[in-house]
Amino acid sequence: MITRTLSRWLMSIALAVFAHAVLNAFARTSPAQGRPAAARTNCAGPIQACIDAASDGDTILIAAGRYTEGLTLNKPVSLTGVSSDTTIIHAVAGQRVLTVTGATISNSVVISGLTFTGGDVSNGGECPQFCGGGIAFLNAAQPRIRDVIIQDNRAAEGGGVYAEPDSPLFIDNSLLISNIAGNGGGGIYAGHWYTPGILAVSNTNFLSNVAFNGGGIYINGVASLTDIYFDSNMANSLGGGINARIGTLALTRTTFFRNNGSALYAENSPATIVDSYFEQNSGDIGGAIWMYYVGANISHTAFISNTAELGGGGVTMIDGSVVDSRFERNTVQEYWGGGLYAMGTTFITNTIFIDNIAQTHGGGAYFGNAEIYDSRFEGNIGHTGGGGGFFTFGLLLSNTDVISNYAGCGSWASDCGGGGIYAFNEATALNGRFEHNVSSGNGGGLYANNALMVANSVFINNAANGNGGGMYFASDSRVVNALFSNNYANLVGAALALTGTGHIDVLYTTIANAASDPNPAISVLSGTLNLTNTIIASHTIAISNAGGTVYEDYNLFFNNITSTISVTSGGHSLVGDPKFIDPVNGDYRLQVGSAAIDRGVDAGIHTDLDGNPRPVGAGFDIGAYEYQAIKVMYLPLIRK
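This is the structure in structure tokens:
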């Protein structure tokens, strides 16, 4: 059985293919193709009389002036004003300004250089009679609209413009301002929910339009918008800028500024958003974008200072991707996902989340399942939940920095934590950097509620008011080639705190401070820990077992008052100086003469934290870094 989601995507693909064919046909068609030379007729009004007198293919040149008429264009005649600033058509009271009807009006017909204003067909609810206060396109009419102003019109649907599904709508270099719709589409309404339409708009501004849904645009069907500016549009319900249904949506170089009701709302309409900008938009869910149970592919786009009441200060979506983008200073006032709320599976690449705020979980973002590459989470705050940087259920993290984020507790005190990340289900972190994150609960850098794999990562200057300044574990985990430096816990486990019933392996790891730390480096409250090839330096207690099972072997202890408490040792560990290169400045690589060199055991890991090979020399070194001996190359003697 085809799933509901698959059906939606198949419909969207079919609509997109159809739209592509229509748009290509539009692009190929010349205004003069297939018809005799047309007349250009000057018109000083009445305009309707000029239309009635014109022949098919003619162009009516309308003089500057203010005309009060209700017009009908039912033949392939172009209307061209001197300028939209000076050629103004005002509707007769209680009428629309212009009705364009009939399949003979193809895209060879151009309507340009005019202002359409004062239309009001809002005293009813049925289309087409009460739709399109400025212009209505009916019965397969599809002229090109360019260089027009559509202003101060009203209707039940499509305050400015209404287009039936069989009337593809093409608008360029125009302005839609202060139009109002009682239901959908303050600026434009195109298509029907049962019969999708086609909308292509370029180089056009939508300013201060209002509707119940879709303040700027309401589209059922396929929409392509390029070089568009939406400012101060409002939806009393959904989609201050755009409300898109049952189709596909493509946005390129589009700006949304100060729209209310979410700048973009899309339902059953997957979106592709490129080179765009969203700032100071607001809504109940998804201040900038709310993709209702549908995905978006977003690239090279910025989300700045957007606000949501419930979730997703910047964006709310499901099953999407974000590439080369930025989420900054977005806010959620009640719940989660300060920058992004994304359920399903989300792919994040080369994207920055900075200074976003959530009232509860996920200051930077809240994910269902996330794959995150080459990105940065910095300065985000989750006030009363988990995951200052982000909260996620499932996680694959690679080459990503998590810096200076904060997670508070509040009413979530029983499970709050993860100043940097709170991972609820299985998580993998590779080549990560966790630095200066703070949790008012457990896990300053990372809180792992379930199975965790950490490799080739560093945890520096993280702090927890509870347990686990660097990391807090609650299930099976594995830590390989990691550095923990200058982390702090107010309770126990300056670097690592373990609880639950899981089994945790720590291999080839360096846990050290520039100065002595009064807390145990590793605290085991319950569960099982195996520690191998690890350096622990400058803590009061290196390993403290308060209720679990701990086995350690082939480790190096230095400058600790007590190495182990209630720990079983394999007999190959030692106490000695690791001779770090520059611990004050965070360089914990080994120097010649280090007690860690060649004193480890083969644990199946053959590269170090820097990616250098293991072993070098007679054996494996202990700690995150393998000592790299300086190779001397003797050059041949050159005689003069």
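Last residue of the sequence shown: number 1071 in my numbering, and the count goes up by one each step with no gaps. Backbone N, C-alpha and C define an ideal beta-carbon position, used for all residues, glycine too.
- prompt: Does the distance from the C-beta atom of I520 to that of L502 stay below 8 angstroms?
  reply: yes
> DSSP on G841, reduced to helix/strand/coil?
Replying inline: In the structure shown, G841 sits in a helix (DSSP, three-state: H, G or I).
My understanding is that F547 touches L569, with C-beta atoms under 8 angstroms, so please give their C-beta distance in whole angstroms.
-> Actually they are not in contact, since the Cβ atoms of F547 and L569 sit about 16 angstroms apart, beyond 8 angstroms.
- Query: When you compare each of S713, Y939, F778, S829 to A727 by their alpha carbons, which one comes out closest?
  - Reply: Check the Cα spacing between A727 and each of S713, Y939, F778, S829: the tightest is with F778.
query = Which residues mark the beginning and the end of the alpha helix (DSSP H) in which A642 is found?
reply = Premise fails: A642 lies in the beta strand (DSSP E), 641-644, not in any alpha helix (DSSP H).
Excluding the 5 residues preceding and the 5 following T747 in the sequence, name in chain order all residues of the same chain whose CB lies nearer than 6 angstroms to its CB. Here the set comprises I716, G717, W721, Y772.
For C474, the three-state DSSP class (helix, strand or coil): In the displayed model, C474 falls within a strand according to three-state DSSP.
Checklist line | Length of the line joining the Cα atoms of R1045 and R1020 | finding: Take the alpha-carbon of R1045 and the one of R1020: they are about 14 angstroms apart.
*Sub-8 angstroms separation of R575 and V523 beta-carbons*: no
- From G876 to G851, what does the alpha carbon distance come to, in whole angstroms? Distance between the alpha carbons of G876 and G851: 5 angstroms.
| said: For Y660, report the span of its beta strand (DSSP E) as first-last. | reply: 648-662
At 4 residues or longer, what runs of the alpha helix (DSSP H) sit wholly inside the segment 874-922? none
Tell me whether I996 counts as near the ligand GDP, meaning its Cβ is closer than 7 angstroms to at least one heavy atom of that ligand.
Ligands in the displayed structure: none, and consequently the ligand GDP is not present.
- Hey, how far is the Cα of T517 from the Cα of G591? 19 angstroms
- Under the rule that 16 or more other beta-carbon atoms within 10 Å means buried, what is Y1056, buried or exposed? buried
Query - Span separating the alpha-carbon of F989 from that of V1023 - result: 16 angstroms
**Item:** Cβ separation of S954 and E983, assumed to be a contact under 8 angstroms, to the nearest whole Å
**Value:** The pair is not a contact, with the Cβ atoms about 14 angstroms apart (cut-off 8 angstroms).
From the DSSP output, which residues share a beta bridge with T679?
V653
**Item:** Buried or exposed by the 16-neighbour rule on C-beta atoms within 10 Å, applied to G647
**Value:** buried
*Considering only the beta carbon of each residue, do A945 and I967 sit closer than 8 angstroms?*
no
inquiry  = Between G899 and N881, how many whole angstroms is the CB-CB distance? I'm expecting something under 8 angstroms.
reply    = That belief does not hold up - the Cβ atoms of G899 and N881 are roughly 15 angstroms apart, past 8 angstroms.
Exercise for the section: Report buried or exposed for V1015, applying the criterion of at least 16 other Cβ atoms within 10 angstroms of its Cβ. Expected result: exposed
Counting only the same chain and skipping the five closest in sequence on each side, list residues whose C-beta sits under 6 angstroms from that of S947.
Here the set comprises S969.
Use the C-beta contact count for T782: other C-beta atoms within 10 angstroms, 16 or more gives buried, fewer gives exposed.
Note on T782: 16 or more other CB atoms within 10 angstroms of its CB, so buried under the neighbour-count rule.
Check your understanding: On the three-pair Cβ rule with 8 angstroms, is the segment 993-1000 touching the segment 913-929?
Key -> no
Residues of its chain near A621, where Cβ-Cβ distance is below 6 angstroms and the 5 sequence neighbours each way are ignored | A594, L600, G628, L630, I650
inquiry  = Suppose the cutoff is 6 angstroms on Cβ atoms and the five residues either side in sequence are ignored; what does the same chain contact list for S605 look like?
reply    = V579, T635
* Pairwise C-alpha distance: D805 and T940 -> In this structure, the alpha-carbon of T940 lies about 23 angstroms from that of D805.
Q: Hey, could you find the ends of the beta strand (DSSP E) W721 is sitting in?
A: 720-723
request  = With Q582 as the anchor, note down where its beta strand (DSSP E) starts and where it stops.
outcome  = 580-582
- request: Tell me whether N473 is buried or exposed, calling it buried when 16 or more other Cβ atoms sit within 10 Å of its Cβ.
  value: Exposed, since its Cβ has fewer than 16 Cβ neighbours within 10 Å.
Close-in-space but distant-in-sequence residues of the same chain around A894 (CB under 6 angstroms, 5 per side omitted)
V869, G875, G900, Y919
Can you name, in chain order, every residue of its own chain whose Cβ lies under 6 angstroms from the Cβ of I611, other than the five neighbours on each side? Result list for I611: R585, G590, G617, V641, in chain order.
Length at least 3, wholly inside the segment 781-855: the beta strand (DSSP E) runs in chain order:
783-785, 796-804, 807-809, 821-829, 832-834, 852-854
*Have a look at L741 and G978 and give me their C-alpha separation to the nearest angstrom.*
41 angstroms
>> Using CA atoms only, rank isn't needed, just tell me which of F561, V763, Q573 is closest to A534.
In response: Q573
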